[in-house]
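Undergrad: The sequence shown begins at 299 in our numbering and counts up one residue at a time. Even for Gly, the Cβ is constructed at its ideal location relative to N, Cα and C. Being a predicted model, the structure only gives us computed values, none of them experimental. Take a look at the following structure, please.
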Amino acid sequence: MEAGEDPEVPEAESQVVTELLNEMLPSVRVPADAAPKEVVRLVAGSLGPALQSMVAGFSLAFTSLAMAHDNGRTDLTSTDVLRTLALEVERGTYDDGTP
């Protein structure tokens with residue numbers, strides 16, 4: 299086990315999170331001689347939009363699950379709600395028209 303790892307989290311679960319982050323977050327190239335302000339600009343410019351999309355996606359998923367629960371939809375599982383949400387996202391239902 300490495301420093302900072304939670305002994306209660308199975309390795310497979312932590313691997314899933316690592317893979318998700320690797321898939322969703324862009325690589326950031328920083329010149330070795332970059333000044334601290336330049337590093338901040340490069341990292342924020344690269345990671346900011348991706349992190350904003352991730353937060354929006356998790357918020358949408360949480361809200362969708364909460365709404366199904368609050369509406370008493372016992373006929374739907376969490377998987378059903380998230381599958382429907384994924385299909386809606388794929389169709390562009392939530393696109394705001396910006397690239």
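Quick check on the burial criterion: 16 or more other C-beta atoms within 10 angstroms. Buried or exposed for Ala342?
TA: Working through the sequence shown from its first residue, we reach residue 342 at position 44. Flag for Ala342 reads exposed.
Undergrad: Would you call Pro397 buried or exposed, if buried means 16 or more other Cβ atoms sit within 10 Å of its Cβ?
TA: Counting from 1 along the sequence shown, the entry for residue 397 is found at position 99. Legend: pLDDT at Pro397 = 47, less than 50; position of this residue unreliable, no value from coordinates given.
Undergrad: Leaving aside the five residues before and after Val328 along the sequence, list all residues of the same chain whose C-beta is less than 6 Å from its C-beta, in chain order.
TA: Within the sequence shown, numbered from 1, the residue matching residue 328 stands at position 30. Only Val337 and Leu340 meet the Cβ criterion.
Undergrad: Express the C-alpha separation of Asp373 and Gln350 in angstroms, rounding to a whole number.
TA: On the sequence shown, position 52 is the one that residue 350 refers to. On the sequence shown, position 75 is the one that residue 373 refers to. Whole-angstrom Cα-Cα distance: 32 Å.
Undergrad: Distance, Cα to Cα, Met365 vs Asp331?
TA: Along the sequence shown, one-based indexing puts residue 365 at 67. Along the sequence shown, one-based indexing puts residue 331 at 33. Their backbone Cα atoms lie some 50 Å apart in a straight line.
Undergrad: Please name the residue, chosen from Thr377, Leu318 and Val387, that lies closest to Leu358 on a Cα-to-Cα basis.
TA: Looking up residue 358 in the sequence shown gives position 60. Of the listed residues, the one whose Cα sits closest to Leu358 is Val387.
Undergrad: Quick one: what does DSSP say Val326 is sitting in, helix, strand or coil?
TA: Within the sequence shown, numbered from 1, the residue matching residue 326 stands at position 28. Here Val326 sits in coil by DSSP.
Undergrad: Flag this pair as yes or no: are the beta carbons of Leu385 and Ser362 separated by less than 8 Å?
TA: Here residue 385 corresponds to residue number 87 of the sequence shown, with the count starting at 1. Here residue 362 corresponds to residue number 64 of the sequence shown, with the count starting at 1. For Leu385 and Ser362, no; Cβs fall outside 8 Å.
Undergrad: With DSSP as the reference, label Arg371 as helix, strand or coil.
TA: Taking the sequence shown and counting its residues from 1, one reaches residue 371 at position 73. Coil, per DSSP.
Undergrad: Within a Cβ cutoff of 6 Å, which residues of the same chain sit near Ser344, ignoring the five residues on either side of it in sequence?
TA: Locating residue 344 in the sequence shown gives position 46, where the first residue counts as 1. Here the set comprises Pro324 and Val326.
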